[in-house]
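Protein sequence lines, in the order shown, are assigned to chains V and U.
Residues in the first sequence are numbered from 1 upward in steps of one, following this note's numbering.
Residues in the second sequence are numbered from 1001 upward in steps of one, following this note's numbering.
Take a look at the structure set out below.
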Amino acid sequence: MEQPSKINNNEKSIQQGFSPSGCGDLISTRKFTALVVDNDPICQIIEKAILESQGVETQFVGSGIDALDLLVTGANFDIIIIAWVLPMMNGVETTRQVRAMGIRSKLLAVTACFDERKKKAFLDAGVDEFIEKPLNPKKVASIMREMKND
Amino acid sequence: MERTPLHRRVAYMRRCLFDQGYLDEQFVQLEDLQDEANPNFVEEIVTLFYTDSARLIHNIEQALQNRPLDFNRLDDYMHQFKGSSSSIGAKKVKSECTQFREHCSARNAEGCIRSFQQVKQEHTILRSKLEAYFHWQRKLDKQTESYPELAA
């Protein structure tokens, strides 16, 4: 496919079906969805805003139990973000139970404090990636690019 | 464009917040999320942060009264505080939260009590700096609305 020259006008890029970044990527027409599982209201709002800025339709819940209740109804999410500290059932246990339900969504552990023990616990439970807070738009954009290329 | 004294004042205040280490890149990321639909997103998030963190501070203060200290509970509270602080780009607050958690890991009660005072201090200082910054930013926004040629 012929690579377009860099297009400065983002609207024109989008109409032509190319990423406004001018890198020649085709924009996926599929709408991605995400669930944020975090009981911190600041993180809920910020992570939702960051995901939505990347075109991801996002919901949030405040506990692992609420996340499981939602998933059991058949709700599907491409991405599930899970915090470490959650009421009643922590993030690692939530991850384990989500995977035990056969959910194959991309699971991201997003937690305030990095340590190897936590990272190993989350990875063993079944997350795809372990990210130290704050979640930022660049990180989300890179994850979205990978998912669109899969 | 830094044309008017007000422009220059707001730009200077913003530069100081970053140069003096109160804020980090995450704050800029939040500003980038602002648009016409959410023009006050950052101020709203910061306001929510201060409302919610008052609750966390209260919980930690209560927990620090108990003897013996429940370091796991204190660590969980501070973990959450660190998460929300880092999410708004509150660099010094985040750093003091890390210190507190180190004292928790070391089961150092005095260290926890001392570093919690530092957390509260940085939290308060940042609050007053951000309140002042948003106050002047709002004045600048009003000036820009009344005199759009100054924003050009």
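Even glycine gets a Cβ: it sits at the ideal position worked out from N, Cα and C.
Can you give the Cα-Cα distance for VAL1010 of chain U and GLN59 of chain V, rounded to whole angstroms? For this step, residue 1010 of chain U is matched to residue 10 along the second sequence. For this step, residue 59 of chain V is matched to residue 59 along the first sequence. Answer to the nearest angstrom: the Cα atoms are 35 Å apart.
Counting Cβ pairs, one atom from each stretch, are 3 or more of them under 8 Å apart for the segment 1073–1087 of chain U and the segment 1097–1107 of chain U? yes
Does the CB of LYS139 of chain V have a neighbour CB from chain U at under 7 Å? Here residue 139 of chain V refers to the residue found at position 139 of the first sequence. For LYS139 of chain V, the nearest beta carbon of chain U is not closer than 7 Å to its own beta carbon.
Flag LYS133 of chain V as yes if its beta-carbon sits less than 7 Å from any beta-carbon of chain U, otherwise no. Numbered from 1 along the first sequence, position 133 holds the residue referred to as residue 133 of chain V. At least one chain U Cβ lies under 7 Å of LYS133 of chain V.
Starting from the beta carbon of ASP66 of chain V, find every residue of chain U whose beta carbon is closer than 9 Å, and list them in chain order. On the first sequence, residue 66 of chain V is found 66 positions in, with the first residue counted as 1. Under the 9 Å cutoff, chain U gives no residues; its nearest Cβ is about 17 Å from ASP66 of chain V.
Can you list the alpha helix (DSSP H) stretches of 4 or more residues lying completely in the segment 78–130 of chain V, in chain order? Runs of the alpha helix (DSSP H) inside the segment 78–130 of chain V: 91–100 and 116–125.
Looking at the C-beta of GLN1065 of chain U, does it have a partner C-beta in chain V at a distance below 7 Å? For the purposes of this step, residue 1065 of chain U is identified with residue 65 of the second sequence, where counting begins at 1. So, not an interface residue.
Taking 7 Å as the CB-CB cut-off, is ILE46 of chain V touching chain U? Within the first sequence, numbered from 1, the residue matching residue 46 of chain V stands at position 46. Output row for ILE46 of chain V: interface = yes.
For chain V, check one thing: does any of its Cβ atoms lie closer than 7 Å to the Cβ of ALA1037 of chain U? Locating residue 1037 of chain U in the second sequence gives position 37, counting from the first residue. It does not: the Cβ of ALA1037 of chain U has no partner Cβ on chain V nearer than 7 Å.
Can you tell me whether DSSP reads GLN59 of chain V as helix, strand or coil? Counting from one through the first sequence, the residue named residue 59 of chain V turns up at place 59. Residue state, collapsed to three classes: strand.
Would you tell me roughly how many angstroms separate the C-alpha atoms of ASP1076 of chain U and GLU1096 of chain U, rounded to the nearest one? Residue 1076 of chain U sits at position 76 when you count from the first residue of the second sequence. Residue 1096 of chain U sits at position 96 when you count from the first residue of the second sequence. ASP1076 of chain U and GLU1096 of chain U: Cα-Cα distance of roughly 15 Å.
Report the neighbours of GLY1021 of chain U on chain V: residues whose CB is nearer than 7 Å to its CB, in chain order. Translated into the one-based positions of the second sequence, residue 1021 of chain U becomes position 21. Near GLY1021 of chain U there are no residues of chain V at all, since even the closest Cβ is about 16 Å away, more than 7 Å.
On the DSSP bridge assignment, give the partners of LEU1048 of chain U in chain order. As a first step, residue 1048 of chain U must be located in the second sequence, where it is residue number 48. Its beta-bridge partners do not exist; DSSP assigns none.
With H, G and I counted as helix, E and B as strand and the rest as coil, what does DSSP make of GLU152 of chain V? Since the first residue of chain V shown is 1 and the last is 150, residue 152 of chain V is not available in this structure.
Assumed close pair ASP1052 of chain U, PRO41 of chain V - CB separation to whole angstroms, cut-off 8 Å: Taking the first residue of the second sequence as 1, we reach residue 1052 of chain U at position 52. Taking the first residue of the first sequence as 1, we reach residue 41 of chain V at position 41. 6 Å between Cβ atoms; contact.
Return the residue from the list V:ASN149, V:LEU135, V:PHE130 and V:ILE143 that minimises the CA-CA distance to GLN1026 of chain U. Residue mapping note: residue 1026 of chain U aligns to position 26 of the second sequence, counting from 1. For GLN1026 of chain U, the nearest C-alpha among the options comes from V:LEU135.
Output yes or no for whether 7 Å exceeds the beta carbon distance between VAL1093 of chain U and HIS1123 of chain U. Translated into positions along the second sequence, residue 1093 of chain U becomes position 93. Translated into positions along the second sequence, residue 1123 of chain U becomes position 123. Yes, Cβ-Cβ distance for VAL1093 of chain U and HIS1123 of chain U is below 7 Å.
Counting only beta-carbon atoms, is VAL85 of chain V nearer than 7 Å to chain U? Residue 85 of chain V sits at position 85 when you count from the first residue of the first sequence. So, interface residue.
Thinking C-alpha only, which one of V:GLY55, V:GLN54, V:VAL36 and V:ALA125 is nearest GLY183 of chain V? Here chain V comprises residues numbered 1 to 150, so residue 183 of chain V is not present and cannot be evaluated.
Could you tell me the alpha carbon to alpha carbon distance between GLN1118 of chain U and GLU1061 of chain U, rounded to whole angstroms? Taking the second sequence and counting its residues from 1, the one referred to as residue 1118 of chain U is at position 118. Taking the second sequence and counting its residues from 1, the one referred to as residue 1061 of chain U is at position 61. GLN1118 of chain U and GLU1061 of chain U: Cα-Cα distance of roughly 13 Å.
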